[in-house]
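> Before I ask anything, here is the structure I am working with.
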Amino acid sequence: MTSRFPSEAQNSNQGRRDWKWSRTEKAIARKAFDVALQRELQELIETTKRMAGAITEPADLWELEHRLSERRKEIDRKYRFRESRRMEVLGRLLCEKAIA
Numbered sequence: 004m005t006s007r008f009p010s011e012a013q014n015s016n017q018g019r020r021d022w023k024w025s026r027t028e029k030a031i032a033r034k035a036f037d038v039a040l041q042r043e044l045q046e047l048i049e050t051t052k053r054m055a056g057a058i059t060e061p062a063d064l065w066e067l068e069h070r071l072s073e074r075r076k077e078i079d080r081k082y083r084f085r086e087s088r089r090m091e092v093l094g095r096l097l098c099e100k101a102i103a
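Residue numbers (the numbering used here): 4 to 103.
Okay, here's the thing in structure tokens:
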């Protein structure tokens, strides 16, 4: 029987770096990654607009700037999509229900 998933096609003792992804699997993984990233960025945009609309004093402005800086770092780390981290990134997105 032909395997549908890279993990099924490899010996369970081999590391994830040894898994071979087909061109189609890579494209599907990339599409799922891109959709999750865009969804998270859109949520951040909406949250930021609400927060910006509630600014009444300078401290609120700096709090918004701080929050955006922190979220940028989190998103940059989370969505670092290198081939060597493909399974890790997709696994995390699955656990967070960002992809299905």
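Cβ atoms here follow ideal geometry from the backbone N, Cα and C, with glycine treated the same way. In this text the structure is predicted, and so the values were computed from the model without any measurement.
Below 8 angstroms, can you find three or more Cβ-Cβ pairs linking the segment 71-81 to the segment 37-51?
Counting Cβ pairs under 8 angstroms, three or more are found: they touch.
> Using 8 angstroms as the threshold, is the C-beta distance between leucine 2 and threonine 51 below it?
Absent from the model: residue 2. The displayed extent of the chain is 4 to 103, so no value can be given.
> Quick one: Cα of glutamate 49 to Cα of glycine 56, how far?
Their backbone Cα atoms lie some 11 angstroms apart in a straight line.
> Tell whether a beta-carbon distance below 8 angstroms holds between alanine 39 and leucine 96.
A contact, by the Cβ cut-off of 8 angstroms.
> In angstroms with no decimal places, state the Cα-to-Cα distance between arginine 85 and alanine 101.
Arginine 85 and alanine 101: Cα-Cα distance of roughly 18 angstroms.
> Could you tell me which whole beta strand (DSSP E) segments of length 3 or greater appear in the segment 17-47?
Here no run is fully enclosed.
> So, are the CB atoms of arginine 74 and alanine 32 less than 8 angstroms apart?
Not closer than 8 angstroms, so no.
> Measure the alpha-carbon distance for glutamate 66 versus arginine 83 and round it to whole angstroms.
Going from the Cα of glutamate 66 to the Cα of arginine 83 covers about 26 angstroms.
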